[in-house]
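Counted from 1, the sequence shown has number 210 at position 118 by my numbering; the numbering is strictly sequential. For glycine and all other residues, C-beta sits at the position ideal for the given N, C-alpha and C. Structure, as structure tokens:
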Amino acid sequence: MPGIWDQRLRNNAQPYVKSPRIVNVDKHASFPPAHQKAKDEGVFSRRCKLRRVKYLNNCIENDHKAVKRKSRFRQWYQSLSTARSTIDVMEAMRMVQKGQLRYIKKQDICAQNQLIDKLFGLAASF
93 MPGIWDQRLR NNAQPYVKSP RIVNVDKHAS FPPAHQKAKD EGVFSRRCKL RRVKYLNNCI
153 ENDHKAVKRK SRFRQWYQSL STARSTIDVM EAMRMVQKGQ LRYIKKQDIC AQNQLIDKLF
213 GLAASF
């Protein structure tokens, strides 16, 4: 198993990309030896840390639950690019709804509407 992880890491690593400070993985037993091997071979810097989180995948999936629920009925996408752009818009709207934007408060509806107008060229109406 560590060999597969090393191979994928090497294939995806770009020479101009800096080494990450922290690598987040789940608690599978193959990750620490593979991480150490990558550090020894110079793929990661010596200061790169391995952070093992027990239920990392569950946290990510929970955040996308609302997007999955809305896109479940949209199985008629004509192309991958159409599906991707639609899901990107749904995720952006979800971030606005949850108040995850730095300079726009969750309760500031006017600022949210202006942002939507700038991003998507739409005039938000009620």
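- Remark: fewer than three beta-carbon pairs, one from each stretch, lie closer than 8 Å, so the region 170-183 and the region 131-148 are not flagged as touching.
- Under DSSP, Val115 shares a beta bridge with Leu142.
- Residue environment: Ala126 is assigned as buried (16 or more neighbouring CB atoms within 10 Å of its CB, all protein chains considered).
- With contacts defined as CB atoms closer than 8 Å, Leu211 and Ala175 fail to qualify as a contacting pair.
- For His120, the secondary structure class from DSSP, reduced to helix, strand or coil, is coil.
- Listed in chain order, the non-local C-beta contacts of Arg138 below 8 Å within the same chain comprise Lys131, local neighbours out to five positions each way being set aside.
- Collapsing the DSSP output to three states places Leu193 in coil.
- According to the DSSP assignment, Asp200 belongs to no alpha helix (DSSP H), since it is labelled neither H nor E.
- Going by beta carbons, Val181 and Gln204 fall outside the 8 Å limit.
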